[in-house]
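Beneath this line is the structure, given in structure tokens, with notes to follow.
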Amino acid sequence: MTEMPYVRQAIEFPVRYAYGPDSSPQPNVPCGVVHEYEWNESEIFPGTGRRFWIYVPAQYTSSSRASLMVFQDGGLYLDPEGIFRAGIVFDNLIHREEMPVTVGVFVDPGEPDNRNAEYDAFDDAYADFLLTEILPNVLKNYSITDAPTIGGSVAAAPEATAP
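Under the working numbering, the letters of the sequence shown match residues 82 to 244, in that order.
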């Protein structure tokens with residue numbers, strides 16, 4: 082393997098990177114379905130409302146447990162014409178079995194203007210919000226695994242040991 086030193090390129094910003102093939106719809110790749118929701122009942126961030134989306138891959142079946150991936154700034158990552166195109170990338174990688182069947186949860190920050198309070202706080206409020214307010218809506222409708230995934234396959238869950 083050849084090792085090359087890092088060389089900072091003279092680039093003017095903003096930069097738009099070229100997309101690879103996984104960022105565009107591919108022939109014969111089934112598309113997942115996106116469901117949009119609104120959440121206006123937050124007890125952790127009262128007075129806020131937000132949208133969130135659940136991406137369900139075409140290969141999902143309720144008889145098998147899917148992996149789960151959660152995105153902040155959800156609409157930004159899910160927009161098929163946007164800069165990230167996560168749903169399209171999921172479709173392509175899941176189709177080629179380079180990624181396990183994964184349900185995506187894309188959560189926008191609370192409005193009005195609650196992004197910094199949610200994402201930048203030095204506490205567990207946002208994690209609690211996801212675990213107690215958003216994810217229960219996902220878990221009641223979709224079968225999600227508890228096991229972590231590594232390199233596209235489900236890792237063996239650690240065995241419990243008695244204290």
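Backbone N, C-alpha and C fix where the C-beta goes; we use that ideal spot for every residue, glycine too.
Contact between the region 129-146 and the region 171-189 is present: three or more C-beta pairs spanning the two stretches fall below 8 Å. Distances from the CA of E192 to each of E122, H176, C112, A91 were compared; the closest alpha carbon is that of E122. The residue among S145, I125, G130, R166 with its C-alpha nearest the C-alpha of A202 is I125. Rounded to the nearest whole angstrom, the CA to CA distance from D160 to Y118 is 15 Å. Ranked by Cα distance from D194, the first of P127, Y223, A208 is P127. Per DSSP, the unbroken beta strand (DSSP E) holding F152 starts and ends at 148-153. The alpha-carbon of D172 is positioned some 17 Å away from that of L157.
Its chain contains A139 as the residues whose beta carbon lies nearer than 6 Å to that of P111, once the 5 sequence neighbours on both sides are disregarded; these appear in chain order.
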